[in-house]
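K.L.:
Mapping the sequence shown onto UniProt numbering, position 120 (from 1) lands on 120, and the numbers just tick up by one.
Built from N, CA and C at the ideal position, the CB exists for glycine as well.
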Amino acid sequence: MNLDLFPPEPPAARPSGPGPLDRLLKVSRIYLEPAVEEHARGREILARFPDAERVEVASHQSIPGLFGNAGNVEAWNRIKGSTLVLGVKKTLSFIANDRSSDFIAPSTANGCVMACAYCYVPRNKGYANPVTVFVNIDGIAAAIRRHAHKRGPKLVPNTVDPRDWVYDIGCNSDCSVDAAISDNVKELVRLFTTLPNAKGSFATKWVNRELLTYAPKGRTRVRFSLMPHAQAKLLDVRTSPIAERIAAIDDFLAAGYEVHLNFSPVVLQEGWQDAYVELFQQVDAGIGKAAKAQLACEIIFLTHNAGLHEVNLRWHPKAEAVLWTPETQETKVSQGGGVNVRYRTGFKGRHVAEFQALLARHLPYCRVRYAF
1 MNLDLFPPEP PAARPSGPGP LDRLLKVSRI YLEPAVEEHA RGREILARFP DAERVEVASH
61 QSIPGLFGNA GNVEAWNRIK GSTLVLGVKK TLSFIANDRS SDFIAPSTAN GCVMACAYCY
121 VPRNKGYANP VTVFVNIDGI AAAIRRHAHK RGPKLVPNTV DPRDWVYDIG CNSDCSVDAA
181 ISDNVKELVR LFTTLPNAKG SFATKWVNRE LLTYAPKGRT RVRFSLMPHA QAKLLDVRTS
241 PIAERIAAID DFLAAGYEVH LNFSPVVLQE GWQDAYVELF QQVDAGIGKA AKAQLACEII
301 FLTHNAGLHE VNLRWHPKAE AVLWTPETQE TKVSQGGGVN VRYRTGFKGR HVAEFQALLA
361 RHLPYCRVRY AF
């Protein structure tokens, strides 16, 4: 490990007052683009961490000594918990999607303080995956407003939503975490309350109860990601416990969110059927009638990547014992053009059908929006 490329952090700076990420994020170093301080959001975030070392960089995407330094793998979680990157989102483009959403909106962040072993975001960041927050939230929100206005009414219902155009606002990060760092997520939740034809959506593995104060008025969909407890203990590193996520469902619904589930990723290992039956029973016992009446889910089987496999072997090899199973996997090119591995055709299809049959038996009211 080349320590010269990533020197030890100075003493950690603490944000004023305790917060939901106080245990996971103690920022001691902030990398920032020169234009960050021109934006009110950038100044607000910097003021939260007044004692953090500031390192100016030309681009949030290319930080010498952080991204691309293989030696940083051994410091994977230390970097996540001590480092913050601030940038300006340059490309405000929308990606058509027909699964979780109709469109993927421009990111307000990427990366995460959590460390799920299967996360696809680190594949593109190179040996370190701290949170990057984009401070030009006004421009991002305006772009969403313009895009929704141009779309007009949604005339043809689809599996994403029967009435509204749905925008995924957390494709490259976890919005519950992002909301504890800045008000970007709050502003987007409030934005969708003003758009008659659009709603926001994000998946989360972190229960941030500050979001209960945002008054979403039914215009934001939260998708709580779930997997069996024992598997989550191995793979969902630094996340909220599964029981805590289930316990939050009724509260988020009461606060005005639409609440769905993500069974994601489904990782096949011996005994997975019994483990998921137990999870389904836990969900059934843990939510009320109102939540059950509107419940829908996504079922997403594991996608992995050879590069991430090599990274994981150096910080969490036990996870790779269940994530990397060449005897059941094959190479596939993703929608975004990436070369990944997924469960083999035929093998996967049989297990997707088996999963759906178990779900229908134990959570018959949970509508499947899509499964793949």
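#1: Please list the terminal residues of the continuous beta strand (DSSP E) segment that includes residue 26.
#2: Closest by CA to residue 333, which one among 305, 45, 200?
#3: Out of curiosity, what's the CA-to-CA distance linking residue 35 and residue 89?
#4: Taking 9 Å as the threshold (C-beta atoms), are residue 267 and residue 302 in contact?
#5: What does the alpha-carbon distance come out to for the pair residue 43 and residue 249?
#6: Quick one: residues in its chain with C-beta nearer than 8 Å to the C-beta of residue 235, no 5 flanking neighbours on either side, listed in chain order?
#7: Give me whichever residues DSSP pairs with residue 95 in a beta bridge.
#8: Beta-carbon within less than 7 Å of residue 143's beta-carbon, same chain only, minus the 5 sequence neighbours each way: which residues are those?
#9: Out of 216, 264, 272, point me to the one whose CA is closest to residue 251's CA.
#10: Closer than 6 Å by C-beta to residue 10: which residues in its own chain qualify, once you throw out the five before and the five after it? Chain order, please.
#11: Just mark residue 182 as buried or exposed, buried being the case when its beta carbon has 16 or more other beta carbons within 10 Å.
#12: Closest to residue 138 by CA distance: which of 269, 347, 40, 271 is it?
#13: Whole angstroms are fine: how far does the CA of residue 254 sit from the CA of residue 154?
#14: Would the region 158 to 176 and the region 198 to 211 be scored as touching if the rule is three or more Cβ pairs under 8 Å?
#15: Can you say whether residue 220 is buried or exposed, counting buried as having 16 or more other CB atoms within 10 angstroms of its CB?
#16: Between residue 344 and chain D, is the shortest Cβ-Cβ distance under 9 Å, so that the two count as touching?
#17: What is the DSSP secondary structure of residue 226, counted as helix, strand or coil?
#18: In the DSSP assignment, find the unbroken beta strand (DSSP E) run with residue 54 in it and report its ends.
#19: Between residue 232 and the rest of its own chain, which residues show a CB-CB distance below 6 Å, the 5 nearest in sequence each way excluded?
#20: Would you say residue 153 touches the ligand ATP, meaning its beta carbon is less than 8 Å from a heavy atom?
P.N.:
Quick look at the numbers:
#1: Neither: residue 26 is in no beta strand (DSSP E) and is coded neither H nor E.
#2: 305
#3: 11 Å
#4: yes
#5: 34 Å
#6: 116, 117, 118, 227, 267, 319, 322, 323
#7: 104
#8: 92, 106
#9: 216
#10: Unreliable placement is indicated for residue 10, whose pLDDT of 45 sits below 50; no coordinate value is reported for it.
#11: buried
#12: 40
#13: 26 Å
#14: yes
#15: buried
#16: Among the chains of the structure shown, chain D does not appear; only one protein chain is present.
#17: strand
#18: 53 to 56
#19: 242
#20: Absence of the ligand ATP from the depicted structure is noted, as is the absence of any ligand whatsoever, leaving it without description.
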